[in-house]
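Participant: Okay, so the sequence shown: first residue is 1 according to full-length UniProt numbering, each after it adds one.
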Amino acid sequence: MSDVVLQSIVKRYDAMTAVDHVSLTIGEGELVALLGPSGCGKTTTLRMVGGFIPVTEGRILVGGRDLTHLPPNKRNMGFGFQNYALFPHMSVAENVAFGLEMRKLPKAEIAAKVKTALDRVKLSHLAERLPKQLSGGQQQRVALARALVIEPDVLLLDEPLSNLDAQLRHEMKTEIRTLQQQLGITTIFVTHDQDEALSVADRVVLMRAGKIEQQGSPDDLFGRPASRFAAEFMGVTNLLPGELAGVGRFRLASGEEVRVHPVGVGGDLSLALRPERLALNADEPDHNALPAVVDLATYRGLVIDYRVATASGLVLIARRPSPAVGGPAPLKPGQPVRVSWHPDAGTLVPA
Ligand SMILES: Nc1ncnc2c1ncn2[C@@H]1O[C@H](COP(=O)(O)OP(=O)(O)O)[C@@H](O)[C@H]1O
Ligand SMILES: [Mg+2]
1 MSDVVLQSIV
11 KRYDAMTAVD
21 HVSLTIGEGE
31 LVALLGPSGC
41 GKTTTLRMVG
51 GFIPVTEGRI
61 LVGGRDLTHL
71 PPNKRNMGFG
81 FQNYALFPHM
91 SVAENVAFGL
101 EMRKLPKAEI
111 AAKVKTALDR
121 VKLSHLAERL
131 PKQLSGGQQQ
141 RVALARALVI
151 EPDVLLLDEP
161 LSNLDAQLRH
171 EMKTEIRTLQ
181 QQLGITTIFV
191 THDQDEALSV
201 ADRVVLMRAG
211 KIEQQGSPDD
221 LFGRPASRFA
231 AEFMGVTNLL
241 PGELAGVGRF
251 RLASGEEVRV
261 HPVGVGGDLS
271 LALRPERLAL
281 NADEPDHNAL
291 PAVVDLATYR
301 GLVIDYRVAT
311 ASGLVLIARR
321 PSPAVGGPAP
331 LKPGQPVRVS
341 WHPDAGTLVP
351 A
């Protein structure tokens, strides 16, 4: 059993609290993405789990065993860090063998394990090369093989895709997920990229200023952000401040009153609306509808984003399929439109 339990861990640097009472359980074989903006404490959290940074407070348990004060080499964890730091003077095979040599395994066993690890990341044919003779993506895969070869209980990955171009990033992401599932390794995957987190993780943990802001399945985070911060971070472009004006009625700060899904919360709220949920010139009788004017059209390949403005000063982004994928004819700036959405399409979040 290799579940990982973080019990209220804290990291302080003098007056600065980098990680502030984070409690989290990562189930056996689960891949949890730690997501959040730069500086929110992701790396610090991961490095405490790995034993590279001592915790100020709290405990770390793996499979029920308290590892809080053990050095990294006593934790049986595999690491893949931002700059993958391969040993430049060692071949690919020697790099991968390093952790096994440290454990003083028999030569034949090391050779067999290195071969399996390199096969897994499809690099057996490059075993004798030096790191500088490899592309960035290949180096990244060597780092992954090196992390996996020790058969870790837990895999810790810190922005493992950050140095790759878009195509390689996608391939590596798929490869990491496939291997992680095949091997059933409990994994913590740190990233600042919401798309990456949503596509690799079983569960996404969103951090903000050293604390957990929200956690849940990718669909929870994407579809039901619980705060304005979470909504913005998950790519909701329309966040309209206002206040409840009755059951299922919301008055926007710009003056319009719209219908919303009835909620039991009060206070300062924002209506979060994904750009995909806004229709332009659709004829749906039970939708909220506002007259507006197209102000900017941004072509994005699969979609076109339209910035539209109402006479009251409300600015919204609506997204439609582009003509290239069967979408309607483009709209021009200056064109009057009717922007509409279903009352259930929005989420009210604390402002
Ligand atoms: N050695 C250190 N001394 C002082 N502050 C640090 C140290 N390491 C990290 N921090 C601070 O802790 C916060 C969290 O950093 P980090 O965990 O690296 O964030 P992330 O990985 O989410 O970008 C940041 O404000 C950072 O400046
Ligand atoms: Mg970091």
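Here a beta-carbon is modelled for each residue, glycine too, at the ideal position from N, C-alpha and C.
Take residue 355 and list the residues in its own chain whose beta-carbon comes closer than 7 Å to its own, dropping the five residues that flank it on each side.
Facilitator: Beyond the ends of the chain as shown, which are 1 and 351, falls residue 355; an answer cannot be given.
Participant: Taking DSSP's pairing of strands, which residues face Ser135 in a bridge?
Facilitator: None, per the DSSP bridge assignment.
Participant: What's the C-alpha gap between Leu123 and Val96?
Facilitator: Rounded to whole angstroms, Leu123 to Val96 spans 11 Å at the Cα level.
Participant: Express the C-alpha separation of Gly255 and Ala279 in angstroms, rounding to a whole number.
Facilitator: Taking the straight line from one Cα to the other gives about 21 Å.
Participant: Please state if the CB of Val260 and the CB of Pro343 are separated by a distance shorter than 8 Å.
Facilitator: In this structure, Val260 lies closer than 8 Å to Pro343 by Cβ.
Participant: Would you decide whether Ala108 is buried or exposed? Buried here means 16 or more other CB atoms lie within 10 Å of its CB.
Facilitator: Exposed.
Participant: Can you list the beta strand (DSSP E) stretches of 3 or more residues lying completely in the region 243 to 305, in chain order?
Facilitator: If we require 3 residues or more, the beta strand (DSSP E) runs fully inside the region 243 to 305 come out as 249 to 252, 257 to 259, 269 to 273 and 288 to 299.
Participant: For the candidate residues Met207, Pro218, Leu239 and Gly266, whose alpha-carbon lies nearest to that of Arg249?
Facilitator: With distances taken between Cα atoms, Arg249 lies closest to Gly266.
Participant: Which class does Glu171 belong to by DSSP, given the choice of helix, strand or coil?
Facilitator: It is helical.
Participant: Could you check how far apart the C-beta atoms of Thr186 and Glu28 are, in whole angstroms? I think they sit under 8 Å.
Facilitator: Going by Cβ atoms, the distance from Thr186 to Glu28 rounds to 6 Å, so yes, they are a contact pair.
Participant: According to DSSP, Asp66 sits in a beta bridge with which residue or residues?
Facilitator: Per DSSP, Leu61.
Participant: So what's Met77 in DSSP terms, helix, strand or just coil?
Facilitator: Residue state, collapsed to three classes: strand.
Participant: Near ligand 1, which residues have their beta-carbon less than 6 Å from any of its heavy atoms, given in chain order?
Facilitator: Selection output, chain order preserved: Tyr13, Met16, Ala18, Gly36, Ser38, Gly39, Cys40, Gly41, Lys42, Thr43 and Thr44.
Participant: Regarding Val49 and ligand 2, is the C-beta to nearest heavy atom distance less than 7 Å?
Facilitator: Every heavy atom of ligand 2 is 7 Å or more from the Cβ of Val49, so no.
Participant: Per DSSP, what kind of secondary structure is Thr310 in: helix, strand or coil?
Facilitator: Coil, per DSSP.
Participant: Does the Cβ of Val190 lie closer than 7 Å to at least one heavy atom of ligand 2?
Facilitator: Answer for Val190: yes, Cβ within range of ligand 2.
Participant: When DSSP builds the beta bridges, which residues end up paired with Asn95?
Facilitator: The partner list for Asn95 (beta bridge, DSSP) is empty, contrary to what the question assumes.
Participant: Are the CB atoms of Ser340 and Glu284 within a distance shorter than 8 Å?
Facilitator: Taking 8 Å as the Cβ cut-off, Glu284 and Ser340 qualify as a contacting pair.
Participant: Under 7 Å from any heavy atom of ligand 2, does the C-beta of Asp158 make it?
Facilitator: Yes, ligand 2 has a heavy atom inside 7 Å of this Cβ.
Participant: Check each candidate in Gln140, Gln335 and Cys40 and name the one with the smallest Cα separation from Leu164.
Facilitator: Looking at the Cα atoms, Gln140 is the closest of the given residues.
Participant: Shortest alpha-carbon distance to Asp14 belongs to which of Thr56, Leu46 and Met48?
Facilitator: For Asp14, the nearest C-alpha among the options comes from Thr56.
Participant: In whole angstroms, give me the CA-to-CA distance for Ala231 and Arg129.
Facilitator: About 46 Å.
Participant: With H, G and I counted as helix, E and B as strand and the rest as coil, what does DSSP make of Thr45?
Facilitator: Thr45: helix per DSSP, three-state reduction.
Participant: Counting pairs of Cβ atoms below 8 Å between the region 203 to 222 and the region 48 to 62, do you hit three or more?
Facilitator: No, they do not touch.
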